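*Asks:* The sequence shown runs 437 to 1049 under our numbering. C-beta: ideal position from N, C-alpha, C; glycine also. The structure displayed is predicted, hence computed values, not measured ones.
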Amino acid sequence: MRSKNEQKRGLLYRVRLVFRNDLHLTSLGFGFTAVLLAAMAAAAWWAGYTQDRAVRLARIERTQAIGGTLARTTEVLLADGRLDRLRRLIVETAREADLARCRILLPDGHVLADAIPDRISLTDLPATWPGQAAAAGRSLPGCRTFPLVIPDRGEVILQVALEPDATGDWFWQTHAGIGAVCVLALVTLALMHRRFRSTFRGIWAVRQALLAHHDGQRAPQALKVNAGWGAEAEAWNDVLDQAEQCIRQTTLARAEETLRSRRNECSDLSAACEVLAQGLVLVDAGGKAKYVNSAAAMLLQSPREAIEGQNLAQFLQDDEVADAVCQATRRPMQRRRIIEVERSDGHSPVLLRFIVRPVRREDSAVAMIVIEDITQQRVAEDARNAFVAQATHELRTPLTNIRMYAEMGLDEGQGDPACQANCLSVINQEVGRLDRIVGDILSVSEIEAGSLHLNADDVRLDELFPALEVDYAAQAREKGIDLTFDLPPKLPVIQADRDKVALGIHNLVGNALKYTPSGGRVTVTVTVDEGRLTVAVADTGIGMSEEDQRHVFEKFYRSADKRVGQIEGSGLGLAIAREVIRLHGGDISVESEVDEGSTFTLTLPVVEGAPVA
437 MRSKNEQKRG LLYRVRLVFR NDLHLTSLGF GFTAVLLAAM AAAAWWAGYT
487 QDRAVRLARI ERTQAIGGTL ARTTEVLLAD GRLDRLRRLI VETAREADLA
537 RCRILLPDGH VLADAIPDRI SLTDLPATWP GQAAAAGRSL PGCRTFPLVI
587 PDRGEVILQV ALEPDATGDW FWQTHAGIGA VCVLALVTLA LMHRRFRSTF
637 RGIWAVRQAL LAHHDGQRAP QALKVNAGWG AEAEAWNDVL DQAEQCIRQT
687 TLARAEETLR SRRNECSDLS AACEVLAQGL VLVDAGGKAK YVNSAAAMLL
737 QSPREAIEGQ NLAQFLQDDE VADAVCQATR RPMQRRRIIE VERSDGHSPV
787 LLRFIVRPVR REDSAVAMIV IEDITQQRVA EDARNAFVAQ ATHELRTPLT
837 NIRMYAEMGL DEGQGDPACQ ANCLSVINQE VGRLDRIVGD ILSVSEIEAG
887 SLHLNADDVR LDELFPALEV DYAAQAREKG IDLTFDLPPK LPVIQADRDK
937 VALGIHNLVG NALKYTPSGG RVTVTVTVDE GRLTVAVADT GIGMSEEDQR
987 HVFEKFYRSA DKRVGQIEGS GLGLAIAREV IRLHGGDISV ESEVDEGSTF
1037 TLTLPVVEGA PVA
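(1) Out of Asp755, Pro587, Met476 and Val806, which has the shortest C-alpha to C-alpha gap to Leu514?
(2) What does DSSP give as the partner residues of Gly590 in its beta bridges?
(3) When you compare each of Leu522, Val527 and Gly503 to Thr581 by their alpha carbons, which one comes out closest?
(4) In terms of residues, what are the limits of the alpha helix (DSSP H) holding Tyr908?
(5) Put Tyr727 into one of helix, strand or coil per three-state DSSP.
(6) Look up Val717 in the DSSP assignment and say whether it is helix, strand or coil.
(7) Let me check understanding here. Comparing Cα to Cα, which of Leu558, Ile805, Ala689 and Val1043 lies closest to Tyr727?
(8) Taking buried to mean at least 16 other C-beta atoms within 10 Å of its own C-beta, is Asn891 buried or exposed?
(9) Identify every run of the beta strand (DSSP E) within the segment 512-582, keeping only runs that are complete inside it and at least 3 residues long; order them along the chain.
(10) Cutting at 8 Å between CB atoms, please list the residues of its own chain near Val1042, excluding the five before and the five after it.
(11) Does Thr961 come out as helix, strand or coil in the three-state DSSP assignment?
(12) Cβ atoms of Ile556 and Ala563: under 8 Å apart, would you say?
(13) With distances taken Cα to Cα, identify the nearest neighbour of Val623 among Leu472, Pro924 and Ser784.
(14) If you draw a straight line from the alpha carbon of Arg531 to that of Thr509, how long is it in whole angstroms?
(15) With a threshold of 16 other CB atoms inside 10 Å of the CB of Pro924, please say whether the residue is buried or exposed.
(16) For Val895 and Lys936, what's the separation of their Cα atoms in angstroms?
(17) For Glu848, list the residues DSSP reports as bridge partners.
(18) In the DSSP assignment, the alpha helix (DSSP H) including Gly1022 goes from what residue to what residue?
(19) Does the beta-carbon of Thr499 have 16 or more other beta-carbons within 10 angstroms, so that it is buried, or is it exposed?
(20) What's the gap between the Cα of Ala470 and the Cα of Ala483?
(21) Under 8 Å: do the segment 703-720 and the segment 730-744 share three or more Cβ pairs, one atom per stretch?
(22) Given a cut-off of 8 Å on the beta-carbon distance, is the pair Val802 and Leu718 in contact?
(23) Compare the C-alpha of Thr976 against each of Pro834, Lys950, Val988 and Ala474 and name the closest.
(24) Leaving out five residues before and five after Arg1014 in sequence, what residues of the same chain have Cβ atoms less than 6 Å from its Cβ?
(25) State the Cα-Cα distance for the pair Val585 and Glu511, rounded to the nearest angstrom.
(26) Between Ile877, Arg839 and Leu878, which lies nearest to Leu860 when the distance is taken from Cα to Cα?
(27) Which residues in the same chain have their Cβ closer than 8 Å to the Cβ of Ala731, if we skip the five residues on either side of it in sequence?
(28) Assuming contact is defined by CB atoms lying nearer than 8 Å, are Ala597 and Ala533 in contact in what I supplied?
(29) If I'm right that Val958 touches Ile917 with Cβ under 8 Å, what's the distance once you round it to whole angstroms?
(30) Ala760 to Gln813, Cα distance in whole Å?
(31) Quick one: residues in its chain with C-beta nearer than 6 Å to the C-beta of Ser981, no 5 flanking neighbours on either side, listed in chain order?
(32) Need the endpoints of the alpha helix (DSSP H) that Gly946 sits in, please.
(33) Can you tell which of Gly745, Ser706 and Cys709 has its C-alpha closest to the C-alpha of Val725?
(34) Just how far apart, CA to CA, sit Val786 and Asp754?
(35) By how many angstroms is the C-alpha of Thr828 removed from the C-alpha of Leu878?
(36) Enumerate in chain order the residues of its own chain whose CB-to-CB distance from Ala938 is below 7 Å, with the five nearest sequence positions on each side excluded.
Shown next, in the form of structure tokens:
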């Protein structure tokens, strides 16, 4: 009995669903039709209104233009007494401009000139006449009136009116056309609605079923729609059948899933530990390894299968770490211990950090060991510390000189302009030196942080090298050094960062002049071959040893040669120059012999297709 009642309720619900579906589709069609009719009616009204207004404005403007031109001519002709010429002008203007009225009146109403000669009431032009045109003129509908003043005679009135237009005929023709379009649109809309109803009836029925499901209807039979309403209805019924089948299978699947999830918890934890970059080892109370991930096996230099189940002390190879593991398994309340051990991987020393701690505090079951390779971290820390120490040393020298000469200027320079000038000159030089050192340090920091970017643009080498020669000519003459630039007849235009390329070449030429004694020679040779630009800076200076050549491009490196120690420098120029040139895809190399001189060679790629200067 209960099953029959449910079937009856489902049948009644489906009937209501069909009725509501048809009602919605019909309402949608009527609503769309009403909106379309309203829009077309509004468009028709607006088209008529705008056209009528445009025609009226055009007539007013045309009347104003004709009247203004005719008024100026009338004033001239009447002033000269040429009434016959004026009357002919009125007749011709009325005929050519298609005017309904064009006449000239005196203030008393007599007609001097008219487009229709029979309407003229005065044959001759009076010498003068009384009255005011503004008071006597009357404007007829559609007629424009222009009061005119004739010198030494009086005032007259010019009346101009256009022929009536056919705006009304156009207005009704426009509305008739729009009405025909509306009828055609309604017929088309009716056909489209019929097609739309047959096409989307199934989709709309599915929508109603979804809304019913949202309202709480869960019976699959009540949510089904007529399969004859299209492929969408059939697909919806199939989805309901499959959903009903899935519901029946869900109860059994949940039980299996619960059991499976518990088993997967362990496997998920193992997978998570497996992808750790740090080594992870679990040790039991007997000192045997219960679990070892891949990273730990690699850091301990043994296969995981060989470590698990064995005494871990033989793989740790360090008594302090082994003792820490033993204490962690026996004393669960003990805090973690961090031990750093240096080992060798067969090629270079490796620094490992062992973090040992108990896993549980209520018993002494398991200890956990986390192993990290901190070799690169320690190298980076050492390099950073060395950089800071060297930078501090380089900054201390100019700061010390600035302080010393500032105190000298204050103590000894009172009343001694020469002493003050000398102190200020030294301070200025040291400030410039300090600025260069800080700038070099910032450039090095940008290079190491990877934030140094290139602003590539056309670089005209035929302008760059002559400018370099001018910059260093005075310094070379001052030291008595023969500075020569050997340039080819034509130099290419390359794509590069001009400032940074110039910085690299400036460093090479500046160092050559700095480390070449008086009477020496510096030669800058530029060649372009096979898509590469080569700049060789050769000098006859003090040269450098093979050991110095290996380290000359390192930051803050200064040769142990006593002659180098007497020359000012921060040890950053060549390091910066090589890095900025390498950012361009080039490089800087060096060949040198002690007391014979050095040759620094800079190479840069020439962008293909660059125009030749």
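*Replies:* Looking at the coordinates:
(1) On the sequence shown, position 78 is the one that residue 514 refers to. Distances from the CA of Leu514 to each of Asp755, Pro587, Met476 and Val806 were compared; the closest alpha carbon is that of Pro587.
(2) Indexing the sequence shown from 1 puts residue 590 at position 154. Bridge partners of Gly590: Ile586.
(3) In the sequence shown, residue 581 corresponds to position 145, counting from 1. Ranking Leu522, Val527 and Gly503 by Cα distance to Thr581 puts Gly503 first.
(4) For this step, residue 908 is matched to residue 472 along the sequence shown. In the DSSP assignment, Tyr908 falls within the alpha helix (DSSP H) that extends over Leu897 to Lys915.
(5) Position 291 of the sequence shown, counted from the first residue, corresponds to residue 727. It is a strand residue.
(6) Your numbering for residue 717 matches position 281 in the sequence shown. Val717: strand per DSSP, three-state reduction.
(7) Along the sequence shown, one-based indexing puts residue 727 at 291. Comparing Cα-Cα distances from Tyr727 to each of Leu558, Ile805, Ala689 and Val1043, the minimum goes to Ile805.
(8) Indexing the sequence shown from 1 puts residue 891 at position 455. Its Cβ having fewer than 16 others within 10 Å, Asn891 is exposed.
(9) Runs found: 535-541 and 547-550.
(10) Here the question's residue 1042 lines up with position 606 in the sequence shown. Residues of the same chain with a CB within less than 8 Å of the CB of Val1042, apart from the 5 flanking positions on each side, are Pro928, Ile930, Val964, Gly967, Arg968 and Leu969 in chain order.
(11) Reading the sequence shown from its first residue, position 525 is the one you call residue 961. Residue state, collapsed to three classes: strand.
(12) In the sequence shown, counting from the first residue as 1, residue 563 sits at position 127. In the sequence shown, counting from the first residue as 1, residue 556 sits at position 120. Not in contact: Ala563 and Ile556 (Cβ atoms no closer than 8 Å).
(13) As a first step, residue 623 is located in the sequence shown; it is residue number 187 there, counting from the start. Relative to the Cα of Val623, the nearest Cα in the group Leu472, Pro924 and Ser784 belongs to Leu472.
(14) Indexing the sequence shown from 1 puts residue 531 at position 95. Indexing the sequence shown from 1 puts residue 509 at position 73. Distance between the alpha carbons of Arg531 and Thr509: 17 Å.
(15) Position 488 of the sequence shown, counted from the start, is the residue given in the question as residue 924. Classification of Pro924: exposed, given that the 10 Å Cβ count is below 16.
(16) Translated into the one-based positions of the sequence shown, residue 895 becomes position 459. Translated into the one-based positions of the sequence shown, residue 936 becomes position 500. Their backbone Cα atoms lie some 11 Å apart in a straight line.
(17) By one-based count along the sequence shown, residue 848 stands at place 412. The partner list for Glu848 (beta bridge, DSSP) is empty, contrary to what the question assumes.
(18) As a working mapping, residue 1022 is identified with position 586 in the sequence shown. No residue range can be given for Gly1022, since it is assigned to no alpha helix (DSSP H) and is classified by DSSP as neither H nor E.
(19) Taking the sequence shown and counting its residues from 1, one reaches residue 499 at position 63. By the neighbour-count definition (other C-beta atoms within 10 Å, threshold 16), Thr499 is a buried residue.
(20) Mapped onto the sequence shown, residue 470 falls at position 34. Mapped onto the sequence shown, residue 483 falls at position 47. One C-alpha to the other measures close to 20 Å.
(21) Yes, the segment 703-720 is in contact with the segment 730-744.
(22) Taking the sequence shown and counting its residues from 1, one reaches residue 802 at position 366. Taking the sequence shown and counting its residues from 1, one reaches residue 718 at position 282. Yes. Within cutoff.
(23) Here the question's residue 976 lines up with position 540 in the sequence shown. The shortest Cα separation from Thr976 among Pro834, Lys950, Val988 and Ala474 belongs to Lys950.
(24) Your numbering for residue 1014 matches position 578 in the sequence shown. Within the same chain, Arg1014 has close Cβ partners Phe989 and Ile1024.
(25) For the purposes of this step, residue 585 is taken as residue 149 along the sequence shown, with counting starting at 1. For the purposes of this step, residue 511 is taken as residue 75 along the sequence shown, with counting starting at 1. Their Cα atoms are separated by approximately 7 Å.
(26) What you label residue 860 is simply residue 424 of the sequence shown in a count that begins at 1. Per the Cα distances, Arg839.
(27) Position 295 of the sequence shown, counted from the start, is the residue given in the question as residue 731. Closer than 8 Å at Cβ, skipping near neighbours: Leu712, Ala713, Gln714, Gly715, Leu716 and Ile807.
(28) Residue 597 sits at position 161 when you count from the first residue of the sequence shown. Residue 533 sits at position 97 when you count from the first residue of the sequence shown. No, these two residues do not count as a Cβ contact at 8 Å.
(29) Taking the first residue of the sequence shown as 1, we reach residue 958 at position 522. Taking the first residue of the sequence shown as 1, we reach residue 917 at position 481. That belief holds up - the Cβ atoms of Val958 and Ile917 are roughly 6 Å apart, short of 8 Å.
(30) Within the sequence shown, the letter at position 324 stands for residue 760. Within the sequence shown, the letter at position 377 stands for residue 813. If I take the Cα positions, the gap works out to 24 Å.
(31) Reading the sequence shown from its first residue, position 545 is the one you call residue 981. Within its own chain, the residues whose Cβ lies closer than 6 Å to the Cβ of Ser981, once the five positions on either side in sequence are excluded, are Val1030, listed in chain order.
(32) On the sequence shown, position 510 is the one that residue 946 refers to. In the DSSP annotation of this structure, the continuous segment of the alpha helix (DSSP H) that includes Gly946 starts and ends at Arg934 to Lys950.
(33) One-based indexing of the sequence shown puts residue 725 at position 289. In the sequence on display, residue 725 carries Ala and not Val. When only C-alpha atoms are compared, the closest one is Gly745.
(34) The residue you call residue 786 lines up with position 350 of the sequence shown. The residue you call residue 754 lines up with position 318 of the sequence shown. Roughly 14 Å between the two C-alpha positions.
(35) Translated into positions along the sequence shown, residue 878 becomes position 442. Translated into positions along the sequence shown, residue 828 becomes position 392. Taking the straight line joining both Cα atoms gives about 13 Å.
(36) Sequence index remark: in the sequence shown, residue 938 carries index 502 (1-based). Result list for Ala938: Leu900, in chain order.
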